[in-house]
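Number 381 in the working numbering belongs to position 381 of the sequence shown; there are no gaps in the numbering. Each residue gets a CB set at the ideal place from its N, CA and C atoms; glycine is no exception.
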Amino acid sequence: MSYTTTLSDQYYHKAVTLMPGGVNSPVRACTNVNATPLCIAKGQGSHIVDLDGNDYIDFVLSWGPMILGHNEAHVHQALLEQLALGTSFGAPTPLEVALAERMIACVPGLERVRMVNSGTEATMSCLRLARAATKRSKLIKLIGCYHGHADPFLAKAGSGLATLAIPGTPGVPDAVVQDTLLAPYNDLPAVADLFAQYGSSIACILVEPVACNMGLVLPDPTYLAGLQRLAKEAGALLLFDEVITGFRLALGGAQEYFGITPDLATFGKIIGGGLPVGAFGGRKDLMDLIAPEGPVYQAGTLSGNPLAMAAGLATITELQNRDYQALAHKTAAFAKELHNILAQKGVPIQIPTIASMFGIFFCENTIRNFSDVQKADPALFATFYKQMRSQGIYLAPSPYETAMVSFAHTEEDMAKTLDAAAKVRFA
Ligand SMILES: *Cc1c(COP(=O)(O)O)cnc(C)c1O
1 MSYTTTLSDQ YYHKAVTLMP GGVNSPVRAC TNVNATPLCI AKGQGSHIVD LDGNDYIDFV
61 LSWGPMILGH NEAHVHQALL EQLALGTSFG APTPLEVALA ERMIACVPGL ERVRMVNSGT
121 EATMSCLRLA RAATKRSKLI KLIGCYHGHA DPFLAKAGSG LATLAIPGTP GVPDAVVQDT
181 LLAPYNDLPA VADLFAQYGS SIACILVEPV ACNMGLVLPD PTYLAGLQRL AKEAGALLLF
241 DEVITGFRLA LGGAQEYFGI TPDLATFGKI IGGGLPVGAF GGRKDLMDLI APEGPVYQAG
301 TLSGNPLAMA AGLATITELQ NRDYQALAHK TAAFAKELHN ILAQKGVPIQ IPTIASMFGI
361 FFCENTIRNF SDVQKADPAL FATFYKQMRS QGIYLAPSPY ETAMVSFAHT EEDMAKTLDA
421 AAKVRFA
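Structure representation (structure tokens):
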């Protein structure tokens with residue numbers, strides 16, 4: 001097969017005349033790998049097909065939601081049924097109650113939940129709640145973790161290791177990130193230093209329990225428990241951003257996987273089954289502060305949207321029948337083989353993996369934080385990405401993303417992907 005992308009290219013050239021960079025979310029533009037984006041026509045199971053009719057094994061999975069694969073039969077049917085009943089009422093429906101009940105049953109620390117429309121909305125609202133509950137304003141964010149694009153999270157490190165933040169993008173006033181404190185991932189002493197300095201004004205620590213937005217970075221065995229201890233000692237809250245890890249590491253997310261229950265957590269991606277959804281929740285006494293039960297304002301015209309609730313409920317219902325262990329084993333075996341294949345080519349390579357996720361770092365050093373990630377070779381990644389794509393393997397177009405495996409990926413898919421990797425030439 002030739003994998004020409006004439007129609008995708010044509011579409012992209014039109015799109016750039018209409019939308020900034022031709023896309024609705026920056027990483028899709030493939031600028032990190034010096035490629036043009038594919039325009040996707042359809043997806044089924046572990047495969048997607050572009051406008052030119054090229055078929056790809058998909059390791060992006062819409063950045064995480066499609067853990068059952070594309071167009072999964074139960075989700076499809078649930079959407080059809082709701083479609084016949086109407087798409088939005090802005091009023092209570094049985095589906096939102098059913099999804100809330102299901103999530104609360106699955107996730108250890110979830111006693112109450114509020115549905116929103118994206119992960120960004122979830123983290124933004126959760127931070128507001130944490131600040132209101134503690135009557136404190138500062139938050140600790142870990143460098144390299146992503147929590148959506150709300151202003152307080154778009155901070156980058158100033159100077160020093162444990163440090164005050166400066167805005168990470170134009171348009172964010174200094175004042176908005178003044179209360180964002182930064183520490184490197186997997187560095188408990190840096191967090192302890194922040195508490196020593198600012199303890200009584202720190203509302204919360206917000207962390208991706210597994211960092212999935214700087215490539216894949218696993219927490220050290222004592223890291224999450226350490227964060228919990230430091231937060232507790234200082235009267236601050238621990239917030240897990242489970243937008244990726246929720247229903248991905250396990251049904252109960254990172255809370256179940258690591259046996260650590262945060263005070264509050266955010267969700268998105270999988271709980272929408274491919275429709276736009278987010279949620280946040282946790283301890284009842286904290287969630288009771290949310291309006292109209294309490295004084296903390298939070299609202300949304302389309303929140304609890306029936307189509308999104310139907311897709312999410314069908315996804316979680318189906319996930320309850322699936323074998324997470326088996327998927328983790330499949331992913332681990334694949335990651336090990338991929339590592340061997342690439343190492344034999346003489347390129348420096350690290351392939352961390354957990355549950356149904358793996359990372360691809362072209363470097364020698366083990367990866368524990370963002371500065372380790374930055375040592376990886378972007379040119380080797382771009383070469384790998386492009387040659388994999390032209391052989392029908394669709395990876396995220398950036399070394400700062402995590403590859404996802406779904407329950408729909410077959411042994412044949414995994415073998416084909418390894419065959420393609422074996423053919424990549426780095427010279
Ligand atoms: C994707 C993501 C978000 C943002 O979710 P959106 O739905 O894109 O707004 C927040 N946190 C984490 C960990 C994510 O991976």
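In whole angstroms, what is the alpha-carbon distance linking P306 and E111?
-> 22 Å
Delimiting residues of the alpha helix (DSSP H) encompassing V116 | From DSSP, V116 is part of no alpha helix (DSSP H) but of the beta strand (DSSP E) over R112 to V116.
Is it buried or exposed for F153, if we count other Cβ within 10 angstroms and need 16 for buried?
-> buried
Verify whether the separation of the beta carbon atoms of P348 and N32 is less than 7 Å.
-> no
Would you call H13 buried or exposed, if buried means 16 or more other Cβ atoms sit within 10 Å of its Cβ?
-> exposed
Can you check the stretch 17 to 101 for any beta strand (DSSP E) of at least 3 residues that lies completely inside it and give the ranges in chain order?
-> When DSSP assignments are scanned along the stretch 17 to 101, the uninterrupted stretches of beta strand (DSSP E) that are 3 or more residues long and fall wholly within it turn out to be 40 to 44, 47 to 50 and 55 to 58.
Under 7 Å between C-beta atoms of Q255 and G109 | yes
State the start and end residues of the unbroken beta strand (DSSP E) segment that holds C204.
-> I202 to V207
Using only alpha-carbon positions, find the residue among M309, G226 and I244 that is nearest to L83.
-> M309
Find out if the Cβ-Cβ distance for the pair V116, M103 is shorter than 7 Å.
-> Cβ atoms of V116 and M103: not closer than 7 Å.
Taking the beta strand (DSSP E) that P184 falls in, what are its first and last residues?
-> T180 to P184
Evaluate the contact criterion for the stretch 224 to 231 versus the stretch 180 to 194: three or more CB pairs, one atom per stretch, below 8 Å.
-> yes
What are the boundary residues of the beta strand (DSSP E) that L395 is part of?
-> L395 -> no beta strand (DSSP E), and no H or E assigned at all.
Quickly, what does DSSP pair L238 with across the bridge? List them, please.
-> Answer is I205.
Pairwise C-alpha distance: I271 and L313 | If you draw a straight line from the Cα of L313 to the Cα of I271, it comes to about 7 Å.
With hydrogens ignored, establish whether the beta-carbon of I143 is closer than 6 Å to any heavy atom of ligand 1.
-> The answer is no for I143.
Measure the C-alpha to C-alpha separation of A250 and N34 and round it to an integer number of angstroms.
-> 35 Å
Indicate, with yes or no, if ligand 1 has a heavy atom lying under 6 Å from the CB of T120.
-> yes
With burial defined as no fewer than 16 other Cβ atoms inside 10 Å of the residue's Cβ, what is the status of Q197: buried or exposed?
-> exposed
Near S88, what residues of its chain come up, given a Cβ to Cβ distance below 7 Å and the 5 sequence neighbours on each side ignored?
-> L302, N305 and P306
Does the separation of the CB atoms of C126 and E208 fall below 7 Å?
-> no
Would you say the stretch 412 to 419 touches the stretch 70 to 78, given that touching needs at least three Cβ pairs under 8 Å?
-> no
Is DSSP giving P167 helix, strand or coil here?
-> strand
So who's on the other strand from Q387, going by DSSP bridges?
-> Partner(s): none; Q387 has no beta bridge.
Is DSSP giving V217 helix, strand or coil here?
-> strand
Going by the C-beta, is Y146 closer than 6 Å to any heavy atom of ligand 1?
-> yes
In terms of residues, what are the limits of the beta strand (DSSP E) holding A265?
-> L264 to G268
Between P65 and the rest of its own chain, which residues show a CB-CB distance below 7 Å, the 5 nearest in sequence each way excluded?
-> K269, I270, G272, G273 and G274
Sorted by chain position, which residues of the same chain lie with C-beta nearer than 7 Å to S62's C-beta, five sequence neighbours on each side aside?
-> G274
For E470, is the classification buried or exposed, using 16 other Cβ atoms within 10 angstroms of its Cβ as the cut-off for buried?
-> Residue numbering for the chain in the displayed model covers 1 to 427; residue 470 lies beyond these limits and cannot be assessed.
If you measure from the CB of D241, is any heavy atom of ligand 2 nearer than 6 Å?
-> Ligands displayed in this structure: ligand 1; ligand 2 is not among them.
Helix, strand or coil for V172, going by three-state DSSP, please let me know.
-> When secondary structure is reduced to three states using DSSP, V172 falls in the coil class, being assigned neither helix nor strand.
Apply the 10 Å Cβ neighbour rule to N24 and answer buried if 16 or more other Cβ atoms are within range, or exposed otherwise.
-> With fewer than 16 other Cβ atoms within 10 Å, it is exposed.
With T245 and G253 assumed to form a contact (beta carbons below 8 Å), what rounded beta-carbon distance in angstroms separates them?
-> 5 Å
Per DSSP, which residues does L442 bridge with? Please list them.
-> Only positions 1 to 427 of the chain appear in this structure, which leaves residue 442 out of reach.
Those residues which DSSP pairs with I140 across a bridge | L181 and I205
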